[in-house]
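If you're matching positions, the sequence shown starts at 1 in the UniProt record's numbering and goes up one per residue.
Single-structure report; data block below.
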Amino acid sequence: MGFRFRKRIRIAPGLAINISKSGVSTSIGGKGSTINIGKKGVKMTNGLPGTGLSHTTNLYSPGKSTVKKQLTPKQKIIRNILFAIIVFIIIKAQYF
């Protein structure tokens, strides 16, 4: 049986440092949307709080090709909406 180690230290509302056996990372965001920055890259997770449903997207992975594909207009709209939601959550978390 493998052993795991994970510890999350909250620095401020919406900001945490995660320590695990494999390294250290930083999480920005709150319930529903989080961006995680670590040695394996940058990941964005969006979910529905309380349901257990979430989706994770790799925004950047070191060592991978950085050639970007063109986004369709629909994808640009979705990206902008998600960005606005993340900003709203971060701003809202500062007041709690």
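Beta carbons: idealized from backbone N, C-alpha and C, even for Gly.
One or two residues paired with residue i in a DSSP bridge
i     : result
Ser33 : Gly30, Asn46
Val24 : Ile19
Lys7  : Ile19
Gly38 : Gly41
Close-in-space but distant-in-sequence residues of the same chain around residue i (CB under 7 Å, 5 per side omitted)
i     : result
Asn58 : Gly41, Lys43
Ser25 : Asn18, Asn36, Ile37, Gly38
Arg4  : Lys21
Phe88 : none
Gly23 : Gly38, Lys39
Within 8 Å, strictly: CB atoms of residue i and residue j
i     : j     : result
Ile90 : Gly38 : no
Ala16 : Ser27 : yes
Phe33 : Ile78 : Inspection of the sequence shows that residue 33 is occupied by Ser rather than by Phe. For Ser33 and Ile78, no; Cβs fall outside 8 Å.
Thr56 : Thr72 : no
Gly63 : Ser54 : no
beta-carbon residue i near the ligand GDP non-hydrogen atom, thresh 7 Å
i     : result
Ile19 : Absence of the ligand GDP from the depicted structure is noted, as is the absence of any ligand whatsoever, leaving it without description.
Neighbourhood of residue i by C-beta, 6 Å cutoff - its chain only, sequence neighbours within 5 removed
i     : result
Ala93 : Pro13, Gly14, Gly30
Pro49 : Lys31, Gly32
Ser61 : Gly41
Arg10 : Ala16
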